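By my numbering, the letter at position 85 of the sequence shown is numbered 1230, and the numbering carries on one by one without gaps.
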Amino acid sequence: MTDHVARAMKVVDADPEQCWKALTDSALVKQYFFGTVVDSDWEIGSPITYSGEREGRRYRDHGTVLDRAEPLRLVTSFFSPMSGKPDVPENYQRVSYRIQPVDGGCRVTVEQTGNDSEEAAAHSASNWQTILDGLAKVAPTA
1146 MTDHVARAMK VVDADPEQCW KALTDSALVK QYFFGTVVDS DWEIGSPITY SGEREGRRYR
1206 DHGTVLDRAE PLRLVTSFFS PMSGKPDVPE NYQRVSYRIQ PVDGGCRVTV EQTGNDSEEA
1266 AAHSASNWQT ILDGLAKVAP TA
């Protein structure tokens, strides 16, 4: 797998703890992450599942919490069976969430490595921007 990186960033009118909660609370995630239900205890080494329906097809993506520094950093692996690739470590992507305090709120940055092409990275970046735009609406009330 090549290493094309998808990046998205959003300044959110919320404190880092609210942004963290919006990233890790399943009920909140479902509100802005395309209806996805996420399940994890968010401890390093713990599994994560993402399930829902996309384009009329049920999905259950998964990964592992690789690193965390609440409320400023979360790093996970990610694999989607919908990719059609074998479920082996080299086909997993890495998703990093950074939360940085800024005047009036926090900056949330997502980087997803392991995209197969620049086009795939651009598509992922667009999806992440939509997700972060939704998170920005949910986090202030978290």
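Each residue gets a CB set at the ideal place from its N, CA and C atoms; glycine is no exception. Fair warning: this is a prediction, and the values are worked out from it, not measured in the lab.
Quick one: Cα of residue i to Cα of residue j, how far?
i, j, result
"Val1253", "Ala1266", "18 Å"
"Ser1222", "Cys1251", "24 Å"
"Leu1246", "Gly1208", "In the sequence as displayed, the identity of residue 1246 is Pro instead of Leu. So the two alpha carbons sit approximately 27 Å from each other."
"Ile1276", "Asp1232", "25 Å"
"Ser1241", "Asp1248", "22 Å"
"Pro1234", "Pro1192", "14 Å"
"Ser1271", "Pro1216", "24 Å"
"Tyr1237", "Phe1224", "5 Å"
"Lys1155", "Val1255", "9 Å"
Whose C-beta lies closer than 7 Å to the C-beta of residue i among residues of the same chain, with five residues either side of it excluded?
i, result
"Pro1285", "Asp1158, Ala1159, Gln1163"
"Trp1187", "Thr1169, Val1210, Arg1213"
"Trp1165", "Glu1215, Pro1216, Ile1244"
Apart from the five residues just before and just after residue i, which ones in its own chain have a Cβ nearer than 8 Å to its Cβ?
i, result
"Arg1205", "Thr1194, Tyr1195, Ser1196, Pro1226"
"Arg1218", "Asp1212, Ser1241, Tyr1242, Arg1243, Ile1244"
"Ser1269", "Ala1151, Gln1257, Asn1260"
How far does the alpha helix (DSSP H) with residue i in it reach, from first residue to last?
i, result
"Asp1278", "1263-1283"
"Pro1192", "Run containing Pro1192: none in the alpha helix (DSSP H); it sits in the beta strand (DSSP E), 1192-1199."
"Ala1167", "1161-1169"
Who are the near neighbours of residue i in its chain, counting only those whose CB is closer than 6 Å to its CB and skipping five residues on each side?
i, result
"Asp1148", "Thr1258"
"Thr1181", "Tyr1195, Gly1197"
"Ala1167", "Leu1173, Leu1280, Val1283, Ala1284, Ala1287"
"Ser1185", "Ser1191, Ile1193"
"Val1183", "Ser1171, Val1174, Tyr1195"
"Gln1274", "Ala1153"
From which residue to which residue does the beta strand (DSSP E) around residue i run?
i, result
"Val1233", "Where Val1233 is concerned, there is no enclosing beta strand (DSSP E), given that its DSSP letter is neither H nor E."
"Ala1151", "1149-1157"
Could you check if residue i is buried or exposed, using at least 16 other CB atoms within 10 Å of its CB as the buried criterion?
i, result
"Ile1189", "exposed"
"Lys1282", "exposed"
"Ala1151", "buried"
What are the partner residues of residue i, as DSSP defines its beta bridges?
i, result
"Val1240", "Thr1221, Gln1257"
"Val1247", "Gly1250"
"Val1210", "Thr1221"
"Val1183", "Tyr1195"
"Tyr1204", "Gly1197"
Beta carbon of residue i: closer than 7 Å to some heavy atom of the ligand FAD?
i, result
"Ala1284", "This structure simply doesn't include the ligand FAD, nor any ligand for that matter."
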